[in-house]
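1042 is the number that our numbering gives to position 4 of the sequence shown; each next residue is one higher, with no gaps.
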Amino acid sequence: MKIYCGKDYKEMSRIAAKIIAAQIIMKPDCVLGLATGSTPVGAYENLVEWYKQGDLDFSQVTSVNLDEYRGLSGDNDQSYRYFMNKNLFDHVNIDKSRTFVPNGLEPDSGKACSEYDGIIESVGGVDLQLLGIGHNGHIGFNEPADEFCKGTHCVDLTASTIEANKRFFEKEEDVPRQAYTMGIGTIMKAKKILLVASGADKAEIIAKSLTGPVTPQVPASILQFHNDVTVVCDEAAFSKLK
Ligand code: GLP
């Protein structure tokens, strides 16, 4: 596991963006596994800037996102599809028909999940998977559980995740209670993983995930078993790592 520590959010975002850019340069037709949440926004801003300067070309890139709220359509401004369009896809030359996000509007969860697993398989798997981390150690929307889930599945969001995500909604009742998420098995199959974290509120879970016991109660702890993980955080998020 490689760990890079930037002094603040800005520097951390730049380091993360450089790793994603390197992937695109080394393999222009790569499959990027992308993430939402506030942490990757700065990295996406850097990628957009470098694209505009002519230093990056997304024309052959395929992307698969980690997760989507169940029940939200892509044009709902709280959906993760909307987030991806707004923060990245609308500003670079990626072919939108090759950007995939689970279908939040599919009410049949078995169908939504198996279709998404089929898409990930058909694009040949993920070359570089970007991950944020929840305060309880969730990655994607894989919440603490009794076992690690393999493929895409429908999850009931925990109270702490609903609490953390309510800042993006008008009222807490508006936060969807369920989501479709890539499974831990799929995340672990990515060739490379890039985990980003920022802020003192993530310090404890970062230390626990990277150095504590590997357990489905701390989903991100499984990353200790992946052989190509890069962690990029700022000093605050790094502060409890020994
Ligand atoms: C959401 C997303 C996760 C993300 C997490 C942390 O729950 N499903 O993919 O990692 O939030 O978000 P933030 O970066 O805003 O702390």
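Every residue gets a Cβ at the ideal spot worked out from N, C-alpha and C, and that includes glycine.
{"query": "Could you work out which residue in Ala1054, Ala1235, Cys1043 is closest to Ile1177 when comparing CA atoms only?", "result": "Ala1235"}
{"query": "If Val1270 sits next to Ile1058, beta carbons under 8 Å apart, how far is it from one beta carbon to the other, in whole angstroms?", "result": "With 8 Å as the limit, Val1270 and Ile1058 do not qualify as a contact, their Cβ atoms being about 10 Å apart."}
{"query": "Using a Cβ-Cβ cutoff of less than 8 Å, which residues in the same chain neighbour Lys1040 once the five nearest sequence positions on both sides are dropped?", "result": "Val1267, Thr1268, Val1269"}
{"query": "Per DSSP, Glu1106 forms a beta bridge with which residues?", "result": "Tyr1218"}
{"query": "Any heavy atom of ligand 1 within a distance shorter than 6 Å of the CB on Gly1080?", "result": "no"}
{"query": "Would you kindly report the start and end of the unbroken beta strand (DSSP E) that includes Gln1167?", "result": "1166 to 1169"}
{"query": "Beta carbon of Thr1077: closer than 6 Å to some heavy atom of ligand 1?", "result": "yes"}
{"query": "Report yes if the CB atom of Pro1251 is closer than 7 Å to the CB atom of Phe1186, and no otherwise.", "result": "no"}
{"query": "Rounded to whole angstroms, what is the Cα-Cα separation between Ser1147 and Ile1222?", "result": "17 Å"}
{"query": "Between which two residues does the alpha helix (DSSP H) holding Gly1237 run?", "result": "Unbroken run through Gly1237: none, as it is neither H nor E."}
{"query": "Round the Cβ separation of Gly1044 and Asp1272 to the nearest angstrom and send it over; I've been treating them as touching at under 8 Å.", "result": "5 Å"}
{"query": "Can you say whether Met1122 is buried or exposed, counting buried as having 16 or more other CB atoms within 10 angstroms of its CB?", "result": "buried"}
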